[in-house]
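Heads up: the structure comes next, in structure tokens.
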Amino acid sequence: MSAITSNAPRVRRMTLRRRRQLSGFLFALPAIALVIGFIGVPIGQAVYYSFTQWNGLTSTWIGPSTWTQAFHNSNLWTALENNALLLLAVPFALGLPLGIAVLLHQRVAGWRIFRSIYFLPTAISWVVLGLVAERFFAYQGTLNSIIHALGFSHVNTNMLGYESTALSALGITFVFTMIGTNTMLFLTGLATLDPSLEEAARIDGAGRWRIFRSITLPHLSRFIQLAFVMTVIALFSALFSLIFVMTGGGPGYATTTMEFLIYQTGFNQGDFGTAALYGLILFVLTGIVGVVQLRLIGSNE
Amino acid sequence: MAEIDFDGVTKIFGVGPPAVDHLSLHVDDGEFMVLVGPSGCGKTTALRMLAGLEEITSGTLKIGNAVVNNVLPKDRDVAMVFQNYALYPHMSVAENIGFALKIRGDSKSEIKRKVAEAASILHLSEYLERRPKALSGGQRQRVAMGRAIVRSPQAFLMDEPLSNLDAKLRVEMRLEIARIQRLLGVATVYVTHDQVEAMTMGDRVAVLRDGQLQQVDTPQDLYDHPVNEFVAGFMGSPPMNLVRCRVRAGNDRIEVDFGDQTIELPWHYTSSHELPASGLDVVVGIRPEDVIITDASSPNTIQTRVERREALGAEILVHLSHVDPNTDPSAYAENARADISRKASLVAKMGPRVKITVGDVLSVQLSPEHAHFFDAATGVTLRKRSR
Amino acid sequence: MTTLITPPQESDDREAPTPPSRNTRAKVGRWALFFAMVVIAVVMLYPFWVMIITSLKSEAQFLSGGGFSWLSWKHLSATIPVGQEVLSSTIVCSASILIILVVGLPAGFAFAKLRFRTSTAVFLVIVSAMMVPLQAILMPEFVNVTKLGLTGGYFGAILVYAALGTPFSVFLFTTYFRGVPDELIEAGIVDGLGYFGALWRLVVPIAIPAIATVTVLQFIQIWDDLLVGLLFIQNTSERPITVGLAVLAAGRTTSIPELMAGSFISALPAMIVYLGFQRYLVKGLTMGIDR
Numbered sequence: 108m109s110a111i112t113s114n115a116p117r118v119r120r121m122t123l124r125r126r127r128q129l130s131g132f133l134f135a136l137p138a139i140a141l142v143i144g145f146i147g148v149p150i151g152q153a154v155y156y157s158f159t160q161w162n163g164l165t166s167t168w169i170g171p172s173t174w175t176q177a178f179h180n181s182n183l184w185t186a187l188e189n190n191a192l193l194l195l196a197v198p199f200a201l202g203l204p205l206g207i208a209v210l211l212h213q214r215v216a217g218w219r220i221f222r223s224i225y226f227l228p229t230a231i232s233w234v235v236l237g238l239v240a241e242r243f244f245a246y247q248g249t250l251n252s253i254i255h256a257l258g259f260s261h262v263n264t265n266m267l268g269y270e271s272t273a274l275s276a277l278g279i280t281f282v283f284t285m286i287g288t289n290t291m292l293f294l295t296g297l298a299t300l301d302p303s304l305e306e307a308a309r310i311d312g313a314g315r316w317r318i319f320r321s322i323t324l325p326h327l328s329r330f331i332q333l334a335f336v337m338t339v340i341a342l343f344s345a346l347f348s349l350i351f352v353m354t355g356g357g358p359g360y361a362t363t364t365m366e367f368l369i370y371q372t373g374f375n376q377g378d379f380g381t382a383a384l385y386g387l388i389l390f391v392l393t394g395i396v397g398v399v400q401l402r403l404i405g406s407n408e
Numbered sequence: 188m189a190e191i192d193f194d195g196v197t198k199i200f201g202v203g204p205p206a207v208d209h210l211s212l213h214v215d216d217g218e219f220m221v222l223v224g225p226s227g228c229g230k231t232t233a234l235r236m237l238a239g240l241e242e243i244t245s246g247t248l249k250i251g252n253a254v255v256n257n258v259l260p261k262d263r264d265v266a267m268v269f270q271n272y273a274l275y276p277h278m279s280v281a282e283n284i285g286f287a288l289k290i291r292g293d294s295k296s297e298i299k300r301k302v303a304e305a306a307s308i309l310h311l312s313e314y315l316e317r318r319p320k321a322l323s324g325g326q327r328q329r330v331a332m333g334r335a336i337v338r339s340p341q342a343f344l345m346d347e348p349l350s351n352l353d354a355k356l357r358v359e360m361r362l363e364i365a366r367i368q369r370l371l372g373v374a375t376v377y378v379t380h381d382q383v384e385a386m387t388m389g390d391r392v393a394v395l396r397d398g399q400l401q402q403v404d405t406p407q408d409l410y411d412h413p414v415n416e417f418v419a420g421f422m423g424s425p426p427m428n429l430v431r432c433r434v435r436a437g438n439d440r441i442e443v444d445f446g447d448q449t450i451e452l453p454w455h456y457t458s459s460h461e462l463p464a465s466g467l468d469v470v471v472g473i474r475p476e477d478v479i480i481t482d483a484s485s486p487n488t489i490q491t492r493v494e495r496r497e498a499l500g501a502e503i504l505v506h507l508s509h510v511d512p513n514t515d516p517s518a519y520a521e522n523a524r525a526d527i528s529r530k531a532s533l534v535a536k537m538g539p540r541v542k543i544t545v546g547d548v549l550s551v552q553l554s555p556e557h558a559h560f561f562d563a564a565t566g567v568t569l570r571k572r573s574r
Numbered sequence: 002m003t004t005l006i007t008p009p010q011e012s013d014d015r016e017a018p019t020p021p022s023r024n025t026r027a028k029v030g031r032w033a034l035f036f037a038m039v040v041i042a043v044v045m046l047y048p049f050w051v052m053i054i055t056s057l058k059s060e061a062q063f064l065s066g067g068g069f070s071w072l073s074w075k076h077l078s079a080t081i082p083v084g085q086e087v088l089s090s091t092i093v094c095s096a097s098i099l100i101i102l103v104v105g106l107p108a109g110f111a112f113a114k115l116r117f118r119t120s121t122a123v124f125l126v127i128v129s130a131m132m133v134p135l136q137a138i139l140m141p142e143f144v145n146v147t148k149l150g151l152t153g154g155y156f157g158a159i160l161v162y163a164a165l166g167t168p169f170s171v172f173l174f175t176t177y178f179r180g181v182p183d184e185l186i187e188a189g190i191v192d193g194l195g196y197f198g199a200l201w202r203l204v205v206p207i208a209i210p211a212i213a214t215v216t217v218l219q220f221i222q223i224w225d226d227l228l229v230g231l232l233f234i235q236n237t238s239e240r241p242i243t244v245g246l247a248v249l250a251a252g253r254t255t256s257i258p259e260l261m262a263g264s265f266i267s268a269l270p271a272m273i274v275y276l277g278f279q280r281y282l283v284k285g286l287t288m289g290i291d292r
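Chains as they are written, first to last, in our numbering: chain A, 108 to 408; chain B, 188 to 574; chain C, 2 to 292.
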């Protein structure tokens with residue numbers, strides 16, 4: 108009782124709700140500061156610097172002509188084209204994991220071990236996977252060994268060595284790197300499927316394909332959407348490690364994507380202003396996908 | 188220990204009607220006060236304001252003579268038992284019970300002693316090392332109680348603490364909580380929507396509706412003298428029969444019309460009640476146990492037909508409808524099965540051995556000593572203030 | 002292995018009395034299925050096989066194709082400062098994750114339970130930051146961190162990793178705490194806790210599974226990352242292992258068996274973490290959709 112009387116005058120100044128809100132704000136503040144300082148502010152700076160000539164130390168205001176100039180640069184179009192071509196890998200990066208997840212969901216003997224094995228590459232760096240992929244596609248690599256073993260001893264590939272095939276090799280590697288994550292997503296989705304639905308359909312006389320088409324796929328649609336968004340975002344912003352170790356963007360500009368072009372323009376050519384501008388283009392591209400993603404999250408809340 | 192005083196306490200969430208509207212209520216030291224009402228009546232909000240979990244929009248709230256409107260919950264020295272118990276899942280039973288003491292900075296031996304004491308009162312001694320997850324519903328409820336009593340706080344606040352228990356356990360814990368509260372003599376505010384809990388546990392009961400306090404009284408007074416139709420209908424199960432009637436006052440007698448039938452009331456009602464003038468409507472309330480079967484020859488009876496019959500074992504609830512006196516009673520008996528969905532207008536509570544079947548026509552007397560009268564427009568009791 | 006998914010009781014009804022012909026067909030199907038799974042397993046294990054086999058050759062044996070030798074492993078530390086690099090990776094990972102947790106937990110608590118006036122909008126802004134790829138803001142970020150003089154040691158990289166991981170942790174913790182009943186926090190507050198006490202003594206212990214999820218996901222993410230470590234740690238002697246490997250590989254002068262040995266070492270910690278905490282990884286990936 109004495110505690111109350113002695114405390115009351117001091118605390119009365121601030122209402123309970125204000126105290127709660129203030130605590131909440133203070134608790135969120137470090138996160139807000141970190142995100143604004145390291146993500147928010149640079150976006151603003153990127154906008155400013157995209158209108159300048161900038162080498163990292165001094166910047167000169169040029170104006171909107173930087174943008175028109177950038178769009179006349181063929182490298183930008185090559186990079187955008189490479190990104191667009193890589194989008195062709197997305198169906199494989201979704202389809203293969205979907206098939207694998209369905210196989211795993213049949214729960215044959217040892218399926219848990221298989222599951223762990225399938226997910227294991229998810230843990231390792233794309234740098235390492237890139238190194239391994241390089242071995243696979245190399246002149247003396249596994250791919251050629253397989254081809255020779257199949258009897259085509261005169262055929263020798265070197266996919267990473269030629270402009271015409273390097274991007275395909277990169278795309279194949281990308282599909283491999285996405286298998287673990289996407290299989291995981293789909294398998295989780297399948298686990299949430301009520302088995303009695305399937306049983307009911309079987310009693311109604313539906314065949315396996317029919318059940319997959321009419322029950323499993325619709326149920327998985329949310330998971331497929333999420334996997335699609337994650338895959339596309341990875342395609343735009345996570346290939347750097349693979350490109351860095353496998354091709355360095357080459358041969359020529361054959362495997363230079365937007366994100367690699369930003370790195371090259373900034374750090375190899377020292378043209379920070381143009382690199383910042385390219386960054387904004389990438390930002391807009393992922394932003395479009397991001398809006399889709401947010402709507403997915405939002406629709407679940 | 189302390190008394191609690193709500194003085195014109197109001198809570199408004201955003202815009203819209205107040206959740207608690209000018210609540211003035213005094214809880215004596217050591218008193219067991221029950222707040223009861225249907226869901227959404229503001230009883231939980233009132234309790235949460237007392238705990239300091241909800242802001243008070245206006246009015247004054249005192250605990251032990253100190254205004255606590257803006258005092259933090261931790262400085263109010265009240266203990267609360269939540270509906271879902273809110274036990275800390277990562278702590279053992281002993282840690283749960285002793286948590287508040289630990290925060291307060293009591294010594295380890297002191298905490299141990301107090302936890303052991305509380306545990307023995309609650310018969311929890313053998314479960315002290317368990318996690319809440321490993322306890323039954325009743326045991327969890329006891330731990331929640333233990334967390335409250337170990338602190339010897341100024342007041343206990345309980346928010347429907349029994350509603351998650353099954354019926355049998357609820358009856359058991361009802362007695363248990365009342366016993367402990369009397370043992371410790373701490374002022375208690377207990378929120379429930381269950382009028383049986385309110386009747387059996389409270390020293391006094393406060394009935395709320397739409398944020399407004401309807402009546403505060405001892406359980407028996409609340410039952411015998413409800414101030415309005417709402418309280419009359421809320422307290423008691425099955426609820427009081429409320430029938431809209433017309434008053435005809437003549438020389439030396441009052442008559443009220445029940446449909447086409449009439450009963451006469453003793454004149455002395457006019458001295459205790461302010462009955463409306465002749466020809467106006469009044470709501471007559473009669474408890475189910477005050478509907479009495481007699482034979483048709485006795486005066487002041489009305490004819491009714493049995494529409495439904497619910498045998499509850501110890502008693503039978505009989506749903507009755509009025510019978511038009513001009514119709515031959517036998518005709519009713521014949522049509523008994525014809526329209527079973529006819530609306531009953533009176534419920535009577537009868538002994539278990541009364542032989543009654545659906546379709547019977549009964550003469551019933553409405554025990555005139557126990558009739559309640561409410562204003563037909565406002566629902567407020569017509570009983571005069573001074574008795 | 003952790004059991005995330007409880008298998009339905011299906012084996013019996015598959016073995017249920019069916020005509021013999023269908024039974025054998027089902028059996029053949031099961032074997033075909035099993036065979037397919039094995040084939041996929043071989044493909045998925047291929048990287049590990051390549052790393053191990055290649056690293057067990059000398060440079061000469063690698064070029065000629067045959068043979069086996071411990072030579073590459075013996076010379077490994079001379080080519081790649083593995084010990085130093087693993088230490089760097091560990092420091093950067095631990096410090097970044099610590100910041101991500103210290104910053105994310107109170108924020109998640111605030112957005113879920115202590116909502117302030119603009120909290121919904123602020124929450125949405127932070128969550129949208131999940132979608133911003135580092136490359137999009139790479140140039141200003143690099144210049145800012147350099148100007149702050151943070152690229153000398155680990156600090157620059159740690160802060161960038163922390164900033165990039167925070168949106169996800171805030172999102173995950175907020176979602177997690179929304180599932181914690183309000184009464185639990187209120188009980189603590191009535192028991193005498195302030196908001197900070199409630200955070201430290203109730204919220205954090207309850208959030209252990211969510212903390213594990215964030216830790217595992219961020220560990221793998223940061224351990225495996227190249228770009229931030231490459232640019233924001235200027236001192237070559239402080240390079241994390243992934244960066245060290247990538248730079249050597251890009252130089253194309255290093256012995257490939259040694260590179261593979263280094264790769265295997267770099268992959269080991271993340272694999273162990275993954276195998277031990279697979280459950281939390283899956284949870285984190287499907288957060289927000291699997292409810």
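Virtual Cβ for every residue (Gly too), placed ideally from N, Cα, C. Quick caveat, the model's predicted, so the values are computed rather than measured.
Start-to-end residues for the alpha helix (DSSP H) that takes in residue i
{"i": "ARG214/A", "result": "Note, ARG214/A: premise wrong, no alpha helix (DSSP H); not H, not E."}
{"i": "ASP482/B", "result": "No alpha helix (DSSP H) contains ASP482/B, which DSSP labels as neither H nor E."}
{"i": "GLN85/C", "result": "83 to 114"}
DSSP state of residue i mapped onto helix, strand, coil
{"i": "LYS284/C", "result": "helix"}
{"i": "THR381/A", "result": "helix"}
{"i": "GLY296/A", "result": "helix"}
{"i": "MET422/B", "result": "coil"}
{"i": "GLY333/B", "result": "helix"}
{"i": "VAL254/B", "result": "strand"}
{"i": "TRP71/C", "result": "coil"}
{"i": "TYR360/A", "result": "coil"}
{"i": "THR255/C", "result": "coil"}
Span of the beta strand (DSSP E) around residue i
{"i": "MET220/B", "result": "219 to 223"}
{"i": "SER211/B", "result": "207 to 214"}
Other residues of its chain near residue i: CB distance less than 8 Å, five sequence neighbours each side excluded
{"i": "SER245/B", "result": "GLY195, VAL196 and THR197"}
{"i": "GLY198/C", "result": "GLY189"}
{"i": "ALA365/B", "result": "PHE219, THR387 and MET388"}
{"i": "VAL205/C", "result": "LEU106 and ILE212"}
Contacting residues, own chain, Cβ-Cβ under 6 Å from residue i (five flanking each side not counted)
{"i": "LYS249/B", "result": "ASP192"}
{"i": "GLY163/A", "result": "PHE379"}
7 Å CB neighbourhood of residue i in its chain, flanking five on each side removed
{"i": "ARG327/B", "result": "TYR272, LEU274 and PRO319"}
{"i": "ALA189/B", "result": "ASP216, ILE250, GLY251, GLN341, ALA342 and ALA374"}
{"i": "ILE527/B", "result": "For ILE527/B, the pLDDT reaches just 43, beneath the cut-off of 50, and the residue's location in the model is therefore unreliable, leaving the point undetermined."}
### Contact the region 237 to 249 of chain C vs the region 227 to 238 of chain A: 3+ CB pairs below 8 Å
yes
### Query
Do three or more CB pairs link the region 93 to 104 of chain C to the region 155 to 164 of chain C at distances below 8 Å?
Two segments are said to touch when three or more pairs of C-beta atoms, one from each, lie closer than 8 Å; by this definition the region 93 to 104 of chain C touches the region 155 to 164 of chain C.
### Task
Count the CB pairs spanning the region 211 to 219 of chain A and the region 301 to 308 of chain A that are closer than 8 Å, and state whether there are at least three.
no
### Query
Counting Cβ pairs closer than 8 Å, one from the region 235 to 243 of chain B and one from the region 413 to 423 of chain B, do we hit at least three?
no
### Message
If contact is defined by three or more beta carbon pairs under 8 Å, each pair taking one atom from either stretch, is the region 127 to 142 of chain A in contact with the region 113 to 121 of chain C?
### Response
yes
### Message
Please give me, in chain order, every unbroken run of the alpha helix (DSSP H) with length at least 4 that falls completely inside the region 279 to 334 of chain A.
### Response
302 to 310 and 315 to 318
### Query
Three or more beta-carbon pairs under 8 Å between the region 255 to 268 of chain B and the region 304 to 312 of chain B, yes or no?
no
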